[in-house]
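Colleague: Structure in structure tokens, see below.
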Amino acid sequence: MKILAFETSCDDTSIALFENEKLVSMHTKSQIKLHNKTWGVVPEVASREHANVIFDVLDDVLKEWWVMLQDIDYIAVTTHPGLVPSLLTGITVASTLSQALQIPIIPIDHIEAHIFSNWLERDESEIVFPLVCLTVSGGHNEIWYMQDMWSKEKLGQTQDDAAGEAYDKVAKMMWLEYPGGPIISKLAEEYNKPLSHPSSQRKKGKTIEKKPLFPRVFLEKSEFGFSFSGLKSAVRREIEKRIQLLSNLGSQESRLSIHDVQEISYEFQAAVNEVLAFKLLEAARQKEVQTLLLAGWVSANDDLNEKIHQEVQKLWLKFLAPKKKLYCMDNAAMIGILAYYKVKYLKRAYKIGSVTLWES
Ligand code: KG4
Ligand code: ZN
432 MKILAFETSC DDTSIALFEN EKLVSMHTKS QIKLHNKTWG VVPEVASREH ANVIFDVLDD
492 VLKEWWVMLQ DIDYIAVTTH PGLVPSLLTG ITVASTLSQA LQIPIIPIDH IEAHIFSNWL
552 ERDESEIVFP LVCLTVSGGH NEIWYMQDMW SKEKLGQTQD DAAGEAYDKV AKMMWLEYPG
612 GPIISKLAEE YNKPLSHPSS QRKKGKTIEK KPLFPRVFLE KSEFGFSFSG LKSAVRREIE
672 KRIQLLSNLG SQESRLSIHD VQEISYEFQA AVNEVLAFKL LEAARQKEVQ TLLLAGWVSA
732 NDDLNEKIHQ EVQKLWLKFL APKKKLYCMD NAAMIGILAY YKVKYLKRAY KIGSVTLWES
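Residue numbering for the sequence shown follows this note's numbering, beginning at 432 and increasing consecutively.
Next up, the structure:
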């Protein structure tokens, strides 16, 4: 069974080819450089770029294995959620192909696909239900309880920004590039290196724990809501305070020093990740599950993985995140793997006009 999967929900044009559950080819054209200039994605610009490159990406996927379009058995495509103009490009191409080839099209939920990125390159039996999953990216920040593959309950979500969005906005405050998450986590790592610790923080060879610079916003600790807007304001105030201090000292410099940027990145990342990790573990405790999953591009954050890992080890729980960082980002492999399991287990096709649809 060959599945051709499309993902164009935001700023990546990604197409993947599956032979059953095996990913055989994937090509992705990222628009990051294009959106760098505007410090974020402009939907119309993204959609135009998807349209410009989608057939080249499709060509690359098919050519890699000399597969003909006629060999494909199923088409899968992200239908929601996402930026509507971007989604429409993928949906139009995918549904046109499905009509022309007279093969079924499987509509895919982007968030569900992020969760299923954990099944890529893993044996199905490795992931034991019931489980809880934290989906965290630029547009989403939720905790899910899944009794099995097809029944998921949302336990909570962000009341304002998603964590990734907060990373991006804090990066912008410090004049860093888009997307901010990978840059902030790198800067935070650099700050953490022993050499960059001021000697006053060390006593008899031991590092003295520094008081956190920013608040941890847990909201109701036993519930699963998130809020990052207060934290963002605290970061803004800290940046303004430090710049003011520079000016009081007579400096002409209106930007933070690299040390300040590293320290703020470290402190901000700790404030976000402690809350994310705490809530995921609290969900596992309340739901009495043994398996915890992480998904979405923020799941590529090493510090977040480390924080969750430390806690699950103490409790003998199983924690999994996508096997490769590539699978944390928006990608068509996660669309294809979810489509594979839908075909394997759901097999509910229905027709709209001349297009055969699969129930999602
Ligand atoms: O999954 P994604 O492309 O967006 C949605 O589907 O909504 O996630 C993008 C977000 C960006 O906000 C980016 O800053 C963040 O993921 N991100 C990270 C890291 N890598 C990407 N955030 C924190 N740490 C990272 N290493
Ligand atoms: Zn995504």
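Every residue, glycine too, gets a C-beta built ideally from N, C-alpha and C.
May I ask which residues mark the beginning and end of the beta strand (DSSP E) holding residue 437?
Modeller: 433-438
Colleague: Let me know the alpha helix (DSSP H) ranges lying completely inside the segment 446-478, each 4 residues or longer, listed in chain order.
Modeller: Here the runs fully enclosed are 463-467.
Colleague: Measuring alpha carbon to alpha carbon, tell me which of 702, 548 and 660 ends up nearest residue 756.
Modeller: 548
Colleague: Ordered along the chain, which non-local residues of its own chain (more than five positions away) have a Cβ less than 7 Å from that of residue 571?
Modeller: 542, 593 and 727
Colleague: How about residue 599: is its Cβ closer than 6 Å to a heavy atom in the ligand ZN?
Modeller: no
Colleague: Round the Cβ separation of residue 437 and residue 544 to the nearest angstrom and send it over; I've been treating them as touching at under 8 Å.
Modeller: The pair is not a contact, with the Cβ atoms about 11 Å apart (cut-off 8 Å).
Colleague: Does the beta-carbon distance from residue 520 to residue 439 come in below 7 Å?
Modeller: Yes, these two residues count as a Cβ contact at 7 Å.
Colleague: DSSP three-state call for residue 657: helix, strand or coil?
Modeller: strand
Colleague: Whose beta carbon lies closer than 5 Å to any heavy atom of the ligand ZN, going through the chain in order?
Modeller: 568 and 761
Colleague: Quick one: is residue 560 buried, meaning 16 or more other Cβ sit within 10 Å of its Cβ, or exposed?
Modeller: exposed
Colleague: I want to check one thing, is the minimum distance from the CB of residue 732 to the heavy atoms of the ligand KG4 below 6 Å?
Modeller: For residue 732, the distance from the CB to the nearest heavy atom of the ligand KG4 is below 6 Å.
Colleague: Sort 466, 580 and 709 by Cα distance to residue 650 and report the nearest one.
Modeller: 709
Colleague: What are the start and end residues of each continuous alpha helix (DSSP H) run of 4 or more residues lying completely inside the segment 646-709, in chain order?
Modeller: Runs found: 660-679.
Colleague: Comparing C-alpha positions only, which one of 485, 753 and 681 sits nearest to residue 557?
Modeller: 753
Colleague: With respect to the alpha helix (DSSP H) encompassing residue 560, which residues constitute its N-terminal and C-terminal limits?
Modeller: Counted as a single uninterrupted DSSP element, the stretch harbouring residue 560 is not any alpha helix (DSSP H), since DSSP gives it neither H nor E.
Colleague: Rounding to the nearest angstrom, what Cα-Cα distance links residue 774 and residue 746 in this structure?
Modeller: Rounded to whole angstroms, residue 774 to residue 746 spans 36 Å at the Cα level.
Colleague: Considering only their Cβ atoms, is the gap separating residue 457 from residue 770 smaller than 7 Å?
Modeller: no
Colleague: How big is the Cα-Cα spacing for residue 743 and residue 442?
Modeller: Rounded to the nearest whole angstrom, the CA to CA distance from residue 743 to residue 442 is 34 Å.
Colleague: Given residue 466, which residues of its chain have a CB within under 8 Å of its CB, disregarding the five upstream and five downstream residues?
Modeller: 442, 472, 473, 476, 477 and 609
Colleague: Quick one: is the Cβ of residue 728 within less than 6 Å of any heavy atom of the ligand KG4?
Modeller: Answer for residue 728: yes, Cβ within range of the ligand KG4.
Colleague: I need the straight-line Cα distance from residue 712 to residue 433, nearest angstrom please.
Modeller: 38 Å
Colleague: Starting from residue 726, follow its DSSP beta bridges and name the residues at the other end.
Modeller: 566
Colleague: Please determine whether the Cβ atom of residue 529 lies at a distance below 6 Å from any heavy atom of the ligand KG4.
Modeller: Look at residue 529: its beta carbon is at least 6 Å from all of the heavy atoms in the ligand KG4.
Colleague: So the alpha helix (DSSP H) residue 543 belongs to, where does it begin and stop?
Modeller: 541-547
Colleague: Would you mind working out which of 523, 612, 450 and 691 sits nearest residue 734, comparing C-alpha positions?
Modeller: 612
Colleague: Report the three-state DSSP secondary structure of residue 775 (helix, strand or coil).
Modeller: In this structure, DSSP gives residue 775 a helical state, which the three-state scheme calls helix.
Colleague: From residue 568 to residue 725, what does the alpha carbon distance come to, in whole angstroms?
Modeller: 11 Å
Colleague: In terms of residues, what are the limits of the beta strand (DSSP E) holding residue 506?
Modeller: 505-511
Colleague: Roughly how many angstroms lie between the CA atoms of residue 488 and residue 529, to the nearest whole one?
Modeller: 17 Å
Colleague: Going by DSSP, which residues form a beta bridge with residue 587?
Modeller: 574
Colleague: Nearest CA to the CA of residue 504: which residue from 533, 642, 654 and 513?
Modeller: 533
Colleague: Give the secondary structure of residue 534 by DSSP, where H, G and I count as helix, E and B as strand, and everything else as coil.
Modeller: coil
Colleague: Can you name the residues that DSSP bridges to residue 750?
Modeller: Residue pairing by DSSP places residue 750 opposite 723 in a beta bridge.
Colleague: Between residue 703 and residue 602, which are expected to be in contact by the criterion C-beta below 8 Å, what is the C-beta distance as a whole number of angstroms?
Modeller: Contact flag wrong, Cβ pair sits at about 12 Å.
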